[in-house]
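Down below is the structure, laid out as structure tokens.
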Amino acid sequence: MRALRSAAAALALTALPALPAVAQDIATHIQAGDAARCRREAGEALEHFRAALAIDSMNYDALWRASQVLVDMGKMISSNQQRARRDSLYAEGLDLAQRAVRQNANGADGHFMVAVATGRVALTKGPRDRVRYAGTVRDEALRAIELDPRHAGAMHVMGRWNAEIQRLPGLTKFFAKTFLGASIFNQASWANAVDYFSQAITIQPENIYHHLDLAEALVDADREQEAIPHLERVAQLDLGCDPMDATYKEQAAALLTRIRQH
330 MRALRSAAAA LALTALPALP AVAQDIATHI QAGDAARCRR EAGEALEHFR
380 AALAIDSMNY DALWRASQVL VDMGKMISSN QQRARRDSLY AEGLDLAQRA
430 VRQNANGADG HFMVAVATGR VALTKGPRDR VRYAGTVRDE ALRAIELDPR
480 HAGAMHVMGR WNAEIQRLPG LTKFFAKTFL GASIFNQASW ANAVDYFSQA
530 ITIQPENIYH HLDLAEALVD ADREQEAIPH LERVAQLDLG CDPMDATYKE
580 QAAALLTRIR QH
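Just add 329 to wherever you are in the sequence shown, counting from 1, and you've got the working numbering.
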């Protein structure tokens with residue numbers, strides 16, 4: 330009797346449907362793309378995410394990841410001669426992020442990437458045009474946090490949003506207040522910037538970018554001494570998945586030297 334039950338169980342297992350080969354291929358490409366990004370090989374990562382999208386152009390995980398890598402690649406372009414290339418990378422990154430949100434409106438990563446890519450597109454515009462994008466950046470980052478209260482990336486975006494509003498020059502700040510509305514504009518503060526960056530660090534303490542941006546906000550808020558431990562921490566951290574991490578380390582070292590020379 331026991332042998333019959335064992336045979337029946339074995340037969341039932343063989344009857345279970347296997348994971349479709351297409352789904353396996355997509356998952357394999359996404360896994361390989363993640364691994365490539367964390368080796369800071371953005372081009373290779375993008376190839377894998379594009380391969381996944383070639384199989385299923387509406388795959389949410391591939392869409393927002395491809396958006397992230399396109400933004401990564403844009404950030405690495407510093408030459409004015411390649412400005413058009415950088416701008417096109419940001420524009421495509423925003424398009425893919427928006428497609429991801431259309432596929433899954435309840436996915437925090439999609440909203441996060443819309444915020445990030447919108448912010449990057451804004452940097453290619455003039456001061457007043459940048460302000461027009463600020464509302465979208467804030468709304469998308471807050472939506473990501475609503476969906477995932479421990480989304481460190483969205484926390485970081487909100488930290489930058491507060492810091493960048495504070496850094497606006499007088500006339501642009503007046504325009505921003507008019508465009509965004511006083512109720513939203515008046516919420517921006519150095520204290521909020523520091524708080525959001527600090528929350529990002531609590532969630533991802535090994536992230537170089539969190540520490541650097543917090544340090545820069547502290548310096549701009551006339552709290553230089555509080556920035557020093559974060560800049561020192563950057564020097565101790567290993568490079569992460571962000572292809573800009575080595576550059577961030579250099580920027581942190583330069584800022585630390587400047588503070589100590591005061």
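Where a beta carbon is used, it is the ideal one built from N, C-alpha and C, also for glycine.
Requested in this report: Any chance you could list the alpha helix (DSSP H) runs of at least 4 consecutive residues sitting entirely within the stretch 505-530, in chain order?
Outcome: 511-514
Report task. Give the single residue among Gly422, Met387, Asp416 whose Cα lies nearest to the Cα of Leu375. Result -> For the purposes of this step, residue 375 is identified with residue 46 of the sequence shown, where counting begins at 1. Comparing Cα-Cα distances from Leu375 to each of Gly422, Met387, Asp416, the minimum goes to Gly422.
Query raised in the report: Cα separation between Gln565 and Gln528?
Result: Residue 565 sits at position 236 when you count from the first residue of the sequence shown. Residue 528 sits at position 199 when you count from the first residue of the sequence shown. Cα-Cα distance, rounded: 20 angstroms.
**Report entry** Contacts around His480, its chain only, beta-carbon distance under 7 angstroms, and the 5 residues preceding and following it disregarded
**Finding:** The residue labelled residue 480 in the question sits at position 151 within the sequence shown. If we look at His480 and ignore the five residues flanking it on each side, its Cβ neighbours are Ala437, Phe441, Ala473, Ile474.
Query raised in the report: Alpha carbon to alpha carbon, how far is Arg449 from Arg562?
Result: Your numbering for residue 449 matches position 120 in the sequence shown. Your numbering for residue 562 matches position 233 in the sequence shown. Going from the Cα of Arg449 to the Cα of Arg562 covers about 26 angstroms.
Query raised in the report: Among Asn433, Lys506, Ala420, which one has its Cα closest to the Cα of Val460?
Result: Taking the first residue of the sequence shown as 1, we reach residue 460 at position 131. When only C-alpha atoms are compared, the closest one is Lys506.
Query - Backbone secondary structure at Ala336 - three-state DSSP - result: Here residue 336 refers to the residue found at position 7 of the sequence shown. Residue placement at Ala336 cannot be trusted, given a pLDDT of 44 that sits under 50; what the coordinates show is reported in the next sentence. Ala336 falls in the helix class under three-state DSSP.
Report task. Using only alpha-carbon positions, find the residue among Val523, Ala361, Val548, Ala395 that is nearest to Arg587. Result -> As a position in the sequence shown, residue 587 is number 258, starting the count at 1. Selected option, being the one with the closest Cα: Val548.
Query raised in the report: How is the alpha helix (DSSP H) around Gly448 delimited, first residue to last?
Result: By one-based count along the sequence shown, residue 448 stands at place 119. Counting along the chain, the alpha helix (DSSP H) containing Gly448 begins and ends at 437-452.
Query raised in the report: Should Asp458 be labelled buried (16 or more other beta-carbon atoms within 10 Å of its own) or exposed?
Result: For the purposes of this step, residue 458 is taken as residue 129 along the sequence shown, with counting starting at 1. It is exposed - the Cβ of Asp458 has fewer than 16 other Cβ atoms within 10 Å.
Report task. List the whole-angstrom C-beta distance separating Asp390 from Ile359, where the pair is believed to meet the contact cut-off of C-beta under 8 angstroms. Result -> By one-based count along the sequence shown, residue 390 stands at place 61. By one-based count along the sequence shown, residue 359 stands at place 30. The Cβ separation is near 6 angstroms, so the contact holds.
Requested in this report: Would you kindly work out how many angstroms separate the C-alpha atoms of Ser311 and Gly362, rounded to a whole number?
Outcome: With the chain represented from 330 up to 591, any question about residue 311 goes unanswered, as that position is not in the structure.
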